[in-house]
Structure formats: structure tokens, C-alpha cells
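In the numbering used here, the protein residues as written are 996 to 1206.
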């Protein structure tokens, strides 16, 4: 009767302890790790490239933004120049035809009250021209004069003086009112002795020209 011997698979004669198989598994695992690192490196390289691209675009945007801001500043500056020129033109038109005595009385600061005063004087000057126009005269009693404030901004009517609404009112002023108006318009000047000279000075102060 034959003797039974259990089967044992033969071991690799070159790897009696299984070290070869173990090292093979390690090599395979290292290969996977290296492949993962390569993939990660590729991804990181792509990300770095994208970041650099984004930074370049941001720099371009910043440069364009600065260029736009410079253009806006330039436009603002040019608008300021235009506004300044328009103000000069408006002032030239406003003061056109006003006598030298009136121009000298305008304060250099040109505050709002002074501008109103000049506008009223210019209005009265235009009315004078219309009244004196021989081709198409306007009757003096049909016009309405603007109230011209005293230097300092106070109105004559606030001092109890009658409103000089037309030439007839000026010619019929009482002596006291003539004095009040003259002192109001010329506070630092000596008063002429003649009533006619005082009235002429009042006419001139409100922008009306006498010949």
C-alpha cells in the first residue's frame, strides 16, 4: 500500500524566504507613488501656470484701470478749464458796457451778492439802451428797473428808501432820499453840493448812463 504525502507547492529556489515577491510589491507601490507624484506635479504645474496667467491679467487690468483713471483725471481737468473759461466769458458779458466807476466798485472776491448786484446793473444798462434807441424807443415810464444793492449787500428798501422802479421815481426823489441813496452807494466819498450831481451819481451807481 502506497504511503500518502501532503502536497506542498514548490518554492522558488532563488527566493526561499519570499523576499523577491515582497520587494516586487514594494517596487509596484513605489511606482504608483511616483506616478501619483508626477500627476500631482503636472496638476501643480498647471495651477502655477494658471495663477501666473491670472496675475498677468490682473496686472493688465490694473494698468488699464490706471490708464482709465488718468484719462478721467485729464477729462476732469479739461472740464475745469472749460468751466473757468465759461465763467470768464460770463463775467465779460455781465460787465460789458458798465462804466469804469462801477467796475472799480466790484469786490475781487465776487461773492453771490456781488454777482446779483452786477446782474441788476447790467439789466438797467440794457434798459437805458432800449430807452435811448431812436429807432425803436421804449418809454421810460414803461420800464422796470432792477434794485441794485449797496456795497455790502443791503438793499435800499431795507433802509426805508423808495424803490427806484423807473426813471420817474429817481427824478422825483426827495432831498433826504437823494442823500440816503448817495451815502448808501458812496459811503466813503464826499457828497457833491449839487442835487443834480448827486442824482447823476445815483444813476451811475445803478447802471444807468446819462449824457
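For glycine and all other residues, C-beta sits at the position ideal for the given N, C-alpha and C.
- When rounded, the separation of the alpha-carbon atoms in residue 1052 and residue 1034 is 27 Å.
- In the three-state DSSP reduction, residue 1113 falls in the helix class (H, G or I).
- Secondary structure at residue 1143: coil, using DSSP grouped into helix, strand and coil.
- Only exposed fits residue 1019, as fewer than 16 other CB atoms lie within 10 angstroms of its CB.
- Rounded to whole angstroms, the Cβ separation of residue 1173 and residue 1190 is 6 Å, and the two are in contact under 8 Å.
- Under the 10 Å beta carbon count, residue 1015 is surrounded by fewer than 16 other beta carbons and is classified as exposed.
- Contact check for residue 1122 against residue 1110 fails: the beta carbons are separated by 7 Å or more.
- Relative to the Cα of residue 1113, the nearest Cα in the group 1128, 1142, 1127 belongs to 1142.
- Around the Cβ of residue 1145, a 10 Å sphere holds 16 or more other Cβ atoms; the residue is buried.
- In the three-state reduction of the DSSP assignment, residue 1192 falls in the helix class.
- Contact between residue 1140 and residue 1171 is absent: CB atoms are separated by about 21 Å, not below the 8 Å threshold.
- A distance below 8 Å between beta-carbons, with the five flanking residues on each side excluded, links residue 1194 to the following residues of its chain, in chain order: 1165, 1166, 1168, 1173.
- In this structure, the CA atom of residue 1047 is about 12 Å from the CA atom of residue 1055.
- Between residue 1163 and residue 1177, the gap from beta carbon to beta carbon reaches 7 Å or more.
- Taking all protein chains in view, the Cβ of residue 1042 is surrounded by fewer than 16 other Cβ atoms within 10 Å, so the residue is classified as exposed.
- Pairing residue 1179 with residue 1157 gives a Cβ-Cβ distance that is not under 7 Å.
- Spatial neighbours of residue 1108 in its own chain (CB-CB distance under 7 Å, excluding positions within 5 residues in sequence) are listed in chain order as 1144, 1148.
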